[in-house]
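In my numbering, the protein residues as written are 6 to 130. One structure below.
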Amino acid sequence: MDKNLKEKIDEVSSLVNDSEIYDYSTPEVVWDDESGYSIEEENSVLEDLVWGGMTESEAKTILKEYKERLQKASGIVKQLIEDGVITSEDEIWDYVDEEGDEDYYEDEEDDEEDEYDEGDDDEDR
Numbered sequence: 006m007d008k009n010l011k012e013k014i015d016e017v018s019s020l021v022n023d024s025e026i027y028d029y030s031t032p033e034v035v036w037d038d039e040s041g042y043s044i045e046e047e048n049s050v051l052e053d054l055v056w057g058g059m060t061e062s063e064a065k066t067i068l069k070e071y072k073e074r075l076q077k078a079s080g081i082v083k084q085l086i087e088d089g090v091i092t093s094e095d096e097i098w099d100y101v102d103e104e105g106d107e108d109y110y111e112d113e114e115d116d117e118e119d120e121y122d123e124g125d126d127d128e129d130r
């Protein structure tokens, strides 16, 4: 994968996924070809933030900042599509999933080496 494309994909993924908002809620982020990323059921997310201990003012600020991050991510994705680097927004997450799968399987192999079955010792007694 082109280094520039990888950097853009990482930036989009970070803008969408790495936010304080996820400490309190799991917003449903959707893509629209015209408007880009948006949050479904914003009021529900706002309620989650308040229930999580934020004041309403803090919650609105966090939500506003997150929406700004989504708009920045939208701009990057739209530019990649316009430039013909990708054909749809789904390709961003296909790349992210591919990379994530590789990391997942590498971690799984490491875990298998470290596993210790305590039950084997009991059989020897």
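Beta carbons are placed, not taken as given, at the ideal position from N, Cα and C, and that holds for glycine. This structure is a prediction, so every number in the text was calculated from the model and none was measured.
Item, Value
"Inter-stretch contact at 8 Å, needing at least 3 Cβ pairs: the segment 65 to 81 / the segment 45 to 53", "yes"
"D99 versus T92: straight-line alpha-carbon distance, rounded", "12 Å"
"Rounded distance between the beta-carbons of L10 and S43, thought under 8 Å", "Going by Cβ atoms, the distance from S43 to L10 rounds to 24 Å, so no, they are not a contact pair."
"Continuous beta strand (DSSP E) assignments of at least 3 residues falling wholly in the segment 33 to 73", "33 to 37, 41 to 45"
"Presumed contact (8 Å Cβ cut-off) between V17 and I97, rounded CB distance", "5 Å"
"Nearest neighbour of E45, chosen from W56, G57, D15, K72 [CA to CA]", "K72"
"Alpha-carbon spacing of K77 relative to V55, whole angstroms", "25 Å"
"Supposed contact pair K8 and L85 - C-beta distance, whole angstroms, cut 8 Å", "Rounded, the Cβ-Cβ distance is 14 Å, inconsistent with contact."
"Residue of Y27, V101, E103 minimising C-alpha distance to G57", "Y27"
"Short Cβ contact (8 Å threshold) for E94 with V82", "yes"
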